[in-house]
Amino acid sequence: MVATSHPLATQVGIDILKKGGNAIDAAIAANAAIGLMEPTGNGIGGDLFAIIWIEKEKKLYGLNASGRSPSSLDLDFLKLITIQVFQHMVLYLLVFLDVLMDGLSLMKNLDQ
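Per this note's numbering, the sequence shown starts with residue 47, numbered consecutively.
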């Protein structure tokens with residue numbers, strides 16, 4: 047079963063399951079589809095939360111991939127770029143893309 051806010055994204059997830067993918071594969075694919083179909087509601091810059099049961103380990107994982115800051119970020123840098131962030135949204139998007147990609151990668155690696 048796959049449930050999303052858009053029927054085409056749901057179908058993408060179902061197709062992944064039919065081709066032998068697991069729930070993590072389907073979630074990643076459906077998320078990518080939603081990012082295209084509903085870009086203001088999902089995608090790059092979003093947060094990721096997941097509860098994942100890995101059957102072969104008989105273990106439940108909780109993943110919170112939201113709001114992590116780069117390790118080199120400090121208050122002085124934030125003060126310096128406060129105005130620039132609004133002028134240069136690319137920096138903002140890159141930080142959150144890093145968080146999203148790390149979260150998706152962690153989620154996928156749980157099942158390896």
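For each residue, glycine too, the CB sits at the ideal point set by N, CA and C. Remember, predicted model here, so these are calculated numbers, not experimental data.
TODO: Would you check if the distance between the CB atom of leucine 109 and the CB atom of isoleucine 98 is smaller than 9 Å?
DONE: Residue 109 sits at position 63 when you count from the first residue of the sequence shown. Residue 98 sits at position 52 when you count from the first residue of the sequence shown. Result yes, Cβ atoms of leucine 109 and isoleucine 98 sit closer than 9 Å.
- [ ] In angstroms with no decimal places, state the Cα-to-Cα distance between alanine 111 and alanine 55.
- [x] In the sequence shown, residue 111 corresponds to position 65, counting from 1. In the sequence shown, residue 55 corresponds to position 9, counting from 1. Their Cα atoms are separated by approximately 21 Å.
- [ ] Using 10 angstroms around the beta-carbon of glycine 59, count the other beta-carbons present and answer buried if the total reaches 16, otherwise exposed.
- [x] By 1-based counting over the sequence shown, the position of residue 59 is 13. By the neighbour-count rule (16 or more Cβ atoms within 10 Å), glycine 59 is buried.
- [ ] Determine the contact status of serine 51 and asparagine 77, defining contact as a CB-CB distance below 9 Å.
- [x] One-based indexing of the sequence shown puts residue 51 at position 5. One-based indexing of the sequence shown puts residue 77 at position 31. No, these two residues do not count as a Cβ contact at 9 Å.
Open item on the list: Distance check for asparagine 155 and proline 116, CA to CA, integer angstroms please.
Closed with: Here the question's residue 116 lines up with position 70 in the sequence shown. Here the question's residue 155 lines up with position 109 in the sequence shown. For proline 116 and asparagine 155, the distance between alpha carbons rounds to 21 Å.
TODO: Please confirm whether methionine 153 and alanine 73 have their CB atoms less than 9 Å apart.
DONE: Taking the first residue of the sequence shown as position 1, residue 153 is located at position 107. Taking the first residue of the sequence shown as position 1, residue 73 is located at position 27. The Cβ-Cβ distance between methionine 153 and alanine 73 falls below 9 Å.
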